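Structure first, commentary second.
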Amino acid sequence: MANRRYWNEAMETIDAAELWRLEDERLRWQLRWIWEHSPFYRQKFAEAGIDPLSIGRDSLYRLPFTVKEEVRRTQEEYPPLGGHACVPLEEVVRIHASSGTTGKPTLVGLTEADARMWNEILARFLWATGVRPGTRVWLSVTLGWYIAGLSFYEALRQIRATVYPAGTMEATRTFNVVRRAGVDYMISSPTFVNYLTNVARERLGIDPGSLGLKAMALGGEPGAGVPQIRQQIEETWRCKVYDAMGTADFAPILWTECEAQAGMHFIGQGFVIAEFIDPETGQSIEPKEGLLAELVYTAIQRECVPLIRFRIGDLVRIEGTGKCECGRTGIRIRCVGRVDDMFIVRGVNVFPSAVADVIASFRPRVTGEFQIRLPPRGLPIEPPVPVIVELGPEPGDLHRLKRDLEEAIRSQLIFRAVVQLVPKGELSPTGTMKRQVILREER
Numbered sequence: 000m001a002n003r004r005y006w007n008e009a010m011e012t013i014d015a016a017e018l019w020r021l022e023d024e025r026l027r028w029q030l031r032w033i034w035e036h037s038p039f040y041r042q043k044f045a046e047a048g049i050d051p052l053s054i055g056r057d058s059l060y061r062l063p064f065t066v067k068e069e070v071r072r073t074q075e076e077y078p079p080l081g082g083h084a085c086v087p088l089e090e091v092v093r094i095h096a097s098s099g100t101t102g103k104p105t106l107v108g109l110t111e112a113d114a115r116m117w118n119e120i121l122a123r124f125l126w127a128t129g130v131r132p133g134t135r136v137w138l139s140v141t142l143g144w145y146i147a148g149l150s151f152y153e154a155l156r157q158i159r160a161t162v163y164p165a166g167t168m169e170a171t172r173t174f175n176v177v178r179r180a181g182v183d184y185m186i187s188s189p190t191f192v193n194y195l196t197n198v199a200r201e202r203l204g205i206d207p208g209s210l211g212l213k214a215m216a217l218g219g220e221p222g223a224g225v226p227q228i229r230q231q232i233e234e235t236w237r238c239k240v241y242d243a244m245g246t247a248d249f250a251p252i253l254w255t256e257c258e259a260q261a262g263m264h265f266i267g268q269g270f271v272i273a274e275f276i277d278p279e280t281g282q283s284i285e286p287k288e289g290l291l292a293e294l295v296y297t298a299i300q301r302e303c304v305p306l307i308r309f310r311i312g313d314l315v316r317i318e319g320t321g322k323c324e325c326g327r328t329g330i331r332i333r334c335v336g337r338v339d340d341m342f343i344v345r346g347v348n349v350f351p352s353a354v355a356d357v358i359a360s361f362r363p364r365v366t367g368e369f370q371i372r373l374p375p376r377g378l379p380i381e382p383p384v385p386v387i388v389e390l391g392p393e394p395g396d397l398h399r400l401k402r403d404l405e406e407a408i409r410s411q412l413i414f415r416a417v418v419q420l421v422p423k424g425e426l427s428p429t430g431t432m433k434r435q436v437i438l439r440e441e442r
């Protein structure tokens, strides 16, 4: 078992024509299931004047989008899971809450079959990033309501890895345990790894690279896909860093890098359809290398809370459409950011991830933490844009650092910024907190 290259070779190397046929078959099943069980979608399709039972894979684009605010509203109207829920509560074996990144958290229910589906998808991800039976895994994600902790734990058990379910427990105790027991692999987020790095070095006097980690997979936020941030983590922990991403509404992970790290592979084949649209027009677009697109997901094997053409708000760049050197087929992507995080300065599109890459290149003069201050939504953004940057352990001359940062942003990102330097620790998140890199003024 440990020597095989893929967790599910048939699905991970499936050719495009066969995948299309499978998606068509399962989409038709899903739409009939929804039509029979979901008052939310019956009303939505009726208002759009569409017969969902006439829709197949080639006409999926005709169905209306679903957005997060609709899910929030229907969960208020039909508590707890909403009018898109298709099973009674007695058939629900788990309920998770989303992180609430874009507003009030929504609830996500799983039947036994849905939970098995998540196990399968996550096993594909874990296997692709090097987890095997007996791999000692430091599970450093929240084990509470959040979808990741328990879901990863169940998938790791399926692989028969050795799990350290540390969650986000007090860091000193965690380091004591992993130093005694030894560790091969970590699952976490870039923010929490940054926090652990600071605790190890500054509070405990531990070199993170001495722990013997071989690899870590990071998700939950951009970071591992930003070259400078990835390099910094790899050099600090002396291990390979894999980028991965998913969404609470479909699966904790739906995209992951392989050993080739030539973009993230889609690993939800047979369970979710990944569609690419123009973020401005909403029109479906044919994926081509180098294209910037918004991701849209459609469930095709979901019992409890299926969503159809759900706009998750992630902007991605397509890295490749052919077979990877690892043998996996399908599209590979990099996450650029969120649609609502992109801002425009005099016609130039700016993504926080690009700013992060520039600032991270100045380590150790800076920590890599930063914050962009913007006017209220709807108002034009005029240069210079205020960018707050946290000083690192070796800042050097502060006037020169400020000038160098402003010049790098202007030359590489084509907009003018005014940099404000703040002491180390002022912007750094602690514990499980995520970076808030965009701060908009109130109206």
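Counted the way numbering that gives the first Met the number 0 counts, the sequence shown spans residues 0 to 442. Ideal Cβ placement from N, Cα and C applies to all residues, glycine included. Given the structure is predicted, the values throughout are model-derived calculations rather than measurements.
Expressed to the nearest angstrom, what Euclidean distance is found between the alpha-carbon atoms of residue i and residue j?
| i | j | result |
| --- | --- | --- |
| GLU440 | TYR296 | 32 angstroms |
| ILE232 | VAL240 | 7 angstroms |
| GLU234 | ARG179 | 23 angstroms |
| ALA450 | ARG93 | Since the first residue shown for the chain is 0 and the last is 442, residue 450 is missing from the structure and cannot be characterised. |
| THR431 | HIS398 | Below a pLDDT of 50, predicted positions are generally treated as unreliable, and THR431, at 49, falls in that range; the measurement from the model is reported next regardless. Roughly 33 angstroms between the two C-alpha positions. |
| ARG237 | GLU393 | 21 angstroms |
| CYS257 | GLY346 | 36 angstroms |
| ARG131 | LYS43 | 44 angstroms |
| PRO278 | ILE205 | 45 angstroms |
| VAL136 | THR128 | 12 angstroms |
| GLN419 | VAL388 | 6 angstroms |
| LEU404 | THR196 | 24 angstroms |
| GLY81 | ILE276 | 26 angstroms |
| ALA216 | GLU46 | 43 angstroms |
| ALA407 | VAL384 | 14 angstroms |
| LEU314 | ARG331 | 13 angstroms |
| TYR152 | LEU52 | 37 angstroms |
| PRO226 | PRO87 | 46 angstroms |
| THR112 | GLU119 | At residue 112 the sequence reads Ala, which differs from the Thr that was named. Taking the straight line joining both Cα atoms gives about 11 angstroms. |
| ILE413 | ARG25 | 46 angstroms |
| PRO207 | ALA160 | 22 angstroms |
| MET244 | ALA114 | 18 angstroms |
| THR12 | ARG3 | 14 angstroms |
Please name the residue or residues paired with residue i in a DSSP beta bridge.
| i | result |
| --- | --- |
| ASN217 | For the record, residue 217 in the displayed sequence is Leu; it is not Asn. According to DSSP, which records beta bridges pairwise, LEU217 is partnered with SER187 and ASP242. |
| ASP340 | According to DSSP, which records beta bridges pairwise, ASP340 is partnered with nothing at all. |
| ARG419 | The sequence given here has Gln at residue 419, not Arg. Partner(s): ILE387. |
| TYR296 | ALA273 and PHE309 |
| CYS334 | VAL315 |
| ARG4 | ARG4 pairs with nothing; no bridge assigned. |
| ARG27 | Paired residues: none, contrary to the question. |
| GLY443 | For the chain, the structure presents residues 0 to 442; residue 443 sits outside this window and is missing. |
| VAL136 | VAL162 and TYR184 |
| THR65 | PHE309 |
According to DSSP, simplified to helix, strand and coil, what is residue i?
| i | result |
| --- | --- |
| ILE33 | helix |
| THR431 | Because THR431 carries a pLDDT of 49, less than 50, the predicted location of this residue cannot be relied on, and the following value inherits that uncertainty. Three-state result, THR431: coil. |
| ARG439 | strand |
| LYS322 | coil |
| GLY208 | helix |
| LEU80 | coil |
| LEU426 | coil |
| PHE44 | helix |
| ILE228 | helix |
| THR235 | helix |
| ARG72 | helix |
| ALA223 | coil |
| ASP113 | helix |
| ASP50 | coil |
| PRO87 | coil |
| PHE39 | helix |
| SER413 | First, the amino acid is wrong: residue 413 is Ile here, not Ser. Residue state, collapsed to three classes: coil. |
| ASP14 | coil |
| GLU302 | coil |
| ARG131 | coil |
So residue i packs on residue j, CB below 8 angstroms; how close in whole Å?
| i | j | result |
| --- | --- | --- |
| LEU426 | GLU368 | 4 angstroms |
| GLU274 | LEU59 | 7 angstroms |
| PRO351 | ILE437 | 6 angstroms |
| PRO305 | GLN29 | 6 angstroms |
| PHE64 | GLY281 | 7 angstroms |
| VAL198 | ALA170 | 4 angstroms |
| PHE270 | ILE299 | 6 angstroms |
| TYR194 | VAL182 | The pair is not a contact, with the Cβ atoms about 17 angstroms apart (cut-off 8 angstroms). |
| ARG337 | GLY312 | 5 angstroms |
Just list the beta strand (DSSP E) runs in the segment 346 to 410, keeping only unbroken ones of 3 residues or longer that don't cross its boundaries, in chain order.
Within the segment 346 to 410, complete beta strand (DSSP E) segments of at least 3 residues are found at 347 to 349, 365 to 373 and 384 to 390, given in chain order.
Fully enclosed by the segment 247 to 290, which beta strand (DSSP E) runs are 3 residues long or longer?
Taking only runs of at least 3 residues, the beta strand (DSSP E) segments lying wholly in the segment 247 to 290 are 250 to 255, 263 to 265 and 271 to 276.
Please give me, in chain order, every unbroken run of the beta strand (DSSP E) with length at least 3 that falls completely inside the segment 139 to 204.
Here the runs fully enclosed are 161 to 163 and 184 to 187.
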